[in-house]
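For the sequence shown, UniProt numbering assigns the number 244 to the initial residue and increments by one for each residue that follows.
Here a beta-carbon is modelled for each residue, glycine too, at the ideal position from N, C-alpha and C.
In what follows, a single structure is set out as structure tokens and then discussed.
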Amino acid sequence: EKGNYRHFMQKEIFEQPVVVAQTLRSYLRRVEQTVALPQIDFDLASINRVTIVACGTSFYAGMVAKYWFEQFARLPVDIDVASEFRYRDPVLEPGGLALFISQSGETADTLAALRHCKAAGQTIAVVVNVPTSSMAREADLLLPTHAGPEIGVASTKAFTCQLAVLAALAAHLAVKRGRLTRAEEAEIVEQLVETPACLNAALAHDEEIAGMAHLIAPARDVLYLGRGPDYPLALEGALKLKEISYIHAEGYASGEMKHGPIALIDEAVPVIVLAPSGPLFEKTVSNMQEVRARGGKVVLISDAEGIAEAGEGCLATIEMPKVHPLIAPLVYAVPVQLLAYHVAVAKGTDVDQPRNLAKSVTVE
Ligand code: M6R
244 EKGNYRHFMQ KEIFEQPVVV AQTLRSYLRR VEQTVALPQI DFDLASINRV
294 TIVACGTSFY AGMVAKYWFE QFARLPVDID VASEFRYRDP VLEPGGLALF
344 ISQSGETADT LAALRHCKAA GQTIAVVVNV PTSSMAREAD LLLPTHAGPE
394 IGVASTKAFT CQLAVLAALA AHLAVKRGRL TRAEEAEIVE QLVETPACLN
444 AALAHDEEIA GMAHLIAPAR DVLYLGRGPD YPLALEGALK LKEISYIHAE
494 GYASGEMKHG PIALIDEAVP VIVLAPSGPL FEKTVSNMQE VRARGGKVVL
544 ISDAEGIAEA GEGCLATIEM PKVHPLIAPL VYAVPVQLLA YHVAVAKGTD
594 VDQPRNLAKS VTVE
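Below, the structure written as structure tokens:
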């Protein structure tokens with residue numbers, strides 16, 4: 244059922260505009276321009292803290308959500324990978340919402356963390372793609388993604404659908420806590436409604452990105468840099484590349500690079516910079532110049548404004564549509580997925596079934 248696609252991963256990348264729209268449909272009331280969550284029997288306004296737990300790509304979706312929950316809802320957020328969370332004996336006080344994110348809903352470490360939080364009296368919310376999964380059954384608040392079955396081991400469409408749900412949840416929490424006016428809520432809804440079109444615009448760069456694969460495929464190491472909500476995207480880009488192309492890659496917060504990894508930079512290390520124009524742009528550009536001054540080869544992913552300002556001298560640039568900061572992480576996911584995909588194809592690896600990996604990790 245791959246249709247005209249060569250791999251499930253490729254098909255799933257291209258399904259994103261449709262499945263993100265499908266997912267958002269159940270969280271947005273377009274006419275009223277409000278966010279609507281499933282019926283629940285407790286008051287989200289009483290939540291005083293959010294603890295997010297997940298693994299892998301789902302964890303990076305959670306990292307993006309941390310920025311959103313703090314910025315929009317002014318809620319303190321704690322986040323950890325599931326395999327660390329339980330064993331550090333986390334402080335879980337009454338009034339906390341514990342949020343678990345998982346495509347499969349069966350990841351053993353995440354499920355164990357969920358049960359730990361439940362026993363500690365937390366309200367349990369889950370963002371899952373499989374509605375019949377263990378996590379879905381054990382939740383107080385079930386927030387499904389409607390990505391459809393994801394076959395490729397590398398998670399793609401599940402990630403953007405998770406982000407869509409988390410953005411809606413952030414807006415909802417912000418409204419409940421009196422942090423968003425009606426007009427601001429309507430603006431967020433409008434931006435989310437625009438997302439599928441922006442994802443299509445990002446996908447239009449497929450061929451161009453395929454043409455860049457030969458620049459990355461010979462590398463031994465690749466660095467991804469991002470700031471703010473694009474920092475988790477850098478981590479996600481690096482994870483995608485590692486798992487399917489077997490090239491060593493690291494994601495770093497742009498500003499942290501000068502505290503160590505800059506020592507790695509030379510002509511042989513491509514550096515992928517994720518930097519939409521906006522208030523964080525200048526700072527990221529100066530980090531990019533630090534890379535270039537050391538002979539590093541930069542692939543800049545930005546919008547027209549960003550590329551006009553800082554694209555000169557880059558190894559390559561990929562132009563994304565200019566989008567609202569809230570949806571930038573969804574849109575910028577596309578070029579990092581496509582880049583990993585095409586590099587893996589260029590290397591001839593088994594894209595859908597990379598070595599040593601399972602789609603659902605059911606051992607702790
Ligand atoms: O099913 P889950 O979302 O709980 O899975 C979590 C990770 O195992 C998963 O995201 C993994 O990192 C992917 N292979 C990443 O592409």
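The residues 468, 497, 498, 500, in chain order, have a CB closer than 7 Å to that of residue 530 in the same chain once the five nearest residues on each side in sequence are set aside.
Each residue's CA atom was taken as its position, placing residue 375 and residue 392 some 12 Å apart.
The C-beta distance from residue 587 to residue 594 rounds to 5 Å, short enough to meet the 8 Å contact threshold. Between the C-alpha atoms of residue 321 and residue 346 there is a straight-line separation of about 21 Å.
By the CB criterion at 8 Å, residue 351 and residue 368 fall outside the cutoff. Contact check between the region 299 to 318 and the region 389 to 405: three or more CB pairs, one atom from each, fall below 8 Å, which counts as touching. Checking the DSSP bridge columns, you'll see residue 562 partnered with 545. Under DSSP, residue 493 shares a beta bridge with 466. CA-to-CA, the gap between residue 294 and residue 264 works out to about 27 Å.
A residue is called buried once 16 or more other Cβ atoms fall within 10 Å of its Cβ, and residue 372 is buried on that count. Pairing residue 519 with residue 545 gives a Cβ-Cβ distance under 8 Å. Relative to the ligand M6R, even the nearest heavy atom lies 7 Å or more away from the CB of residue 259.
By the beta-carbon neighbour count (other beta carbons within 10 angstroms, threshold 16), residue 365 is buried. DSSP places residue 289 in no beta strand (DSSP E); its state is neither H nor E. Per DSSP, reduced to three states, the secondary structure at residue 540 is strand.
Note that the region 567 to 586 touches the region 476 to 485; at least 3 beta-carbon pairs, one per stretch, sit closer than 8 Å. Rounded to the nearest angstrom, the gap between the Cα atoms of residue 254 and residue 337 is 44 Å. Residue 385 has its CB no nearer than 7 Å to any heavy atom of the ligand M6R.
Pairing residue 514 with residue 466 gives a Cβ-Cβ distance under 8 Å. Within the DSSP secondary-structure output, residue 516 pairs in a beta bridge with 468, 543.
About 6 Å separates the CB atoms of residue 422 and residue 316; that is less than 8 Å, so the two are in contact.
Rounded to whole angstroms, residue 370 and residue 343 show a C-alpha spacing of 6 Å. At a threshold of 7 Å, residue 327 does not count as near the ligand M6R, since its beta carbon sits no closer than that to any of the ligand's heavy atoms.
Annotation for residue 283: 383, 384 place their beta carbon closer than 8 Å to its own, counting only its chain and skipping 5 residues before and after.
Nearest neighbour of residue 248 by Cα position, chosen from 509, 486, 449, turns out to be 449. With a cutoff of 8 Å on beta-carbon distance, residue 411 and residue 262 are scored as not near each other. Residue pairing by DSSP puts residue 320 in a beta bridge opposite 293. Of the residues assessed, residue 246 falls on the exposed side of the cut-off, its CB having fewer than 16 other CB atoms within 10 angstroms. Beta-bridge pairing by DSSP links residue 272 to 277.
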